[in-house]
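Trainee: As numbered in this note's numbering, residues 1061 to 1193 make up the sequence shown, in order.
Yeah, the Cβ is synthetic: ideal placement off N, Cα and C, and Gly gets one too.
Handing you this structure, nothing more for now.
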Amino acid sequence: KKCPRNFRIGGDIQPKRNLTRFVKWPKYIRIQRQKRVLFKRLKVPPTINQFTQTLQKNQAANLIKLLAKYSPENRQEKKLRLKSEAEAAKDKKTEKPIHLKFGLNHVTTLVEEEKAKLVVIAHDVDPVELVIF
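Set out below in structure tokens:
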């Protein structure tokens, strides 16, 4: 017959317990867990839910190629362009090249003025309310 273990002073070592519930988790882990619980318990409006779907890898690569064509010019490129345009057309006014606009406030004003043709949102924007209006 097996005698019961004694866990008092000088007795057996207590068994290991799972203490993960009592750990002080980092803030980002707590937030992502709370967010997952909220998404399970509440119905997400369709206007917000559409942002849970992201582009596939090949579509994202095509988009990045497209955006690379319209990346803003640096100072040297701008200087060369202005110099060549000044020599080519002394009196004609030339147009500025089309390039990307970025930044939350700037893009928001462009959308409000209905000047934006395409708006690209990063998949890890959190909270999504920053870009939904």
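Along the chain, where does the alpha helix (DSSP H) containing R1065 start, and where does it finish?
Mentor: Counting from 1 along the sequence shown, the entry for residue 1065 is found at position 5. Run containing R1065: none; DSSP gives neither H nor E here.
Trainee: For the stretch 1111-1184, list the alpha helix (DSSP H) runs that are entirely contained and at least 4 residues long, ordered along the chain.
Mentor: 1117-1129, 1135-1148 and 1164-1172
Trainee: Can you tell me whether DSSP reads V1097 as helix, strand or coil?
Mentor: Taking the first residue of the sequence shown as position 1, residue 1097 is located at position 37. In the three-state DSSP reduction, V1097 falls in the helix class (H, G or I).
Trainee: What separation, rounded to the nearest whole angstrom, lies between the Cα atoms of R1081 and R1090?
Mentor: If you number the sequence shown from 1, residue 1081 lands on position 21. If you number the sequence shown from 1, residue 1090 lands on position 30. Answer to the nearest angstrom: the Cα atoms are 12 Å apart.
Trainee: Mind the definition here: the stretch 1171-1190 touches the stretch 1105-1118 only if three or more C-beta pairs lie below 8 Å; say whether that holds.
Mentor: yes
Trainee: Using only CA atoms, which one of L1098, K1175 and R1065 lies nearest to I1158?
Mentor: Your numbering for residue 1158 matches position 98 in the sequence shown. Of the candidates L1098, K1175 and R1065, the one whose C-alpha sits nearest the C-alpha of I1158 is K1175.
Trainee: Going by DSSP in three states, K1087 sits in which element: helix, strand or coil?
Mentor: By one-based count along the sequence shown, residue 1087 stands at place 27. In the structure shown, K1087 sits in a helix (DSSP, three-state: H, G or I).
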